[in-house]
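One structure is given here, and the rest of the page talks about it.
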Amino acid sequence: MTRHVFNSIEGHTEGMPVRMVIAGAPALNGRTMSERREHFMADFDWIRRSLMLEPRGHSHMSGTIFYPPLRADSDFSLLFIETSGCLPMCGHATLGSITFALEAGLIEPKVPGTVVVDVPAGQIHATYVRDGDKVSAVRFTNVPSFLLHRDLLLDFPPLGLLKVDIAYGGNFYPIVEVQANFPGCEHFSPQQLLEWGREMQDLVNRTVDVVHPENPAIRGVKHCMWTGAPLSAQSQGRAVVIAGASLIDRSPCGTGSSARVAQRFARGWLAEEGAYRHESLIGSFFVGRVAQTLQLEDGSAAIRPSIEGRAWITGRAEFIVDDTQPWWDGFSLEDYAAPASAQETSL
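So, in structure tokens, the structure goes:
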């Protein structure tokens, strides 16, 4: 490969970018999108890096690759790509990609008002509302979600003793509610919450056993959720979601909102018939609901949450990836950070 061209639809879901690649992607092997994800990661991760990282992307970039459906009852397939890797599932990117595919005429749903998508995590079912040529809302039902740990007492050096819940909504989230040593996300800068989010992930992974009861391969935390007072009187909560080492979600986060709906339902803070309007750092929102109650294989309680949100197309793009150019497959400034020992020496 010396030169490759990718075409994309550019947009965002409640403020969080979605770059949906619609042409130029490689054919993948596998019976399922999970198997095709493995093929992509093994042979084509340069595509993710080149389209998500600088200079074509940035540290908060997120996207998908549009593929034909794998199953007879599906409308299309998706791979999720972002700066941290090729994910099994991404809520905001699902909402955005369904909106883009409908508005751009890439799909004609088999059942009007319903879209079924093959993704690495399984098959996603969604409904949508049209207002002329615009899709005004999409609502998808997520994977079984649950509260794994409640009221964990963690000695968090920057703030002191904190009470933390850990919930699952497609990813695991330590959820820090407002309490004596944490007055709310609105009292701190995004940069401060990002730094603390990295430290919280590290603390939890060192001290707490976080394992999915049905899939031991899903373990540990790569996210953190700091909560606070909503900006709008119409909302019931607000959260700043930190993903990995450098990403602050501009949206309320689809899997994060799923985890918070599961947490609140498990604690009796959300009725089964209720709706939870969940705000992000910038005040955008998703509406979460309990779509179904169920039990996991170990007998513990869980729910299937539904997440509703809005997305907008902002443009189209053509990207040229040429391996004769410097940084052709992308770079992150973190690649050039000095080791901790060097930083300490320079102080």
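Residues -10 to 336 (my numbering) are what the sequence shown spells out, left to right. C-beta atoms are modelled at their ideal positions from N, C-alpha and C, and glycine is treated no differently.
About 3 Å separates the Cβ atoms of Gly158 and Ser247, confirming a contact at the 8 Å cut-off.
Where Arg293 is concerned, the enclosing beta strand (DSSP E) starts and stops at 290 to 298. Annotation for Gln225: Pro219, Tyr265, Arg266, His267 place their beta carbon closer than 8 Å to its own, counting only its chain and skipping 5 residues before and after. Closest in C-alpha terms to Pro205, from the list His81, Glu286, Val118, comes Glu286.
With respect to Leu68, Thr53 sits close: the two C-beta atoms are nearer than 8 Å. Residues of the same chain with a CB within less than 8 Å of the CB of Ser134, apart from the 5 flanking positions on each side, are Ala156, Tyr157, Gly158, Gly159, Ser247, Ala248, Val250, Ala251, Ala291, Ile292, Arg293, Pro294 in chain order. Relative to Ala93, the option among Gln112, Ser221, Val124 whose CA is nearest is Val124. In the structure shown, the three-state DSSP call for Gln314 is coil. The three-state reading of DSSP puts Met30 in helix, counting H, G and I together.
Taking each of Ile309, Ala326, Thr313, Tyr325 in turn and checking the Cα distance to Gly46, the smallest one comes out for Ile309. Selection Phe274, His201, Ser73 evaluated against Ser289 yields His201 as nearest (Cα-Cα).
For Ile(-2) and Leu150, the gap between their C-alpha atoms comes out near 45 Å.
As summarised for the segment 165 to 232, the continuous alpha helix (DSSP H) elements at least 4 residues long and confined to that stretch are 179 to 196, given in chain order. The continuous stretches of alpha helix (DSSP H) do not include Leu136, which lies in the beta strand (DSSP E) extending over residues 135 to 145. The segment 60 to 80 and the segment 108 to 116 touch, with no fewer than 3 CB-CB distances between them shorter than 8 Å.
Val132 is positioned such that its CB atom lies no closer than 8 Å to that of Pro163. Comparing C-alpha distances from Thr216 to each of Arg305, Leu42, Cys242 shows the shortest one belongs to Cys242. For Gly245, the closest of Val276, Glu262, Asn(-4) by C-alpha to C-alpha distance is Val276. Under DSSP, the beta-bridge partners assigned to Val10 are Ser(-3), Ile54. Rounded to the nearest angstrom, the Cβ distance from Gln190 to Val210 is 5 Å, consistent with a contact under 8 Å.
Burial of Ala90 is indicated by the presence of at least 16 other C-beta atoms within 10 angstroms of its C-beta.
Around the CB of Pro6, 16 or more other CB atoms lie within 10 Å, so the residue is classed as buried. Collapsing the DSSP output to three states places Ile237 in a strand.
Restricting attention to Ser321, Cys174, His49, Thr103, the CA atom closest to the CA of Asp62 is found in Thr103. The Cβ-Cβ distance between Ile87 and Leu40 does not fall below 8 Å. By the Cβ neighbour-count rule, Glu297 is buried, with 16 or more other Cβ atoms within 10 Å of its own. A check of alpha carbon separations from Asp140 across Lys152, Pro147, Ala126, Leu236 identifies Lys152 as the nearest.
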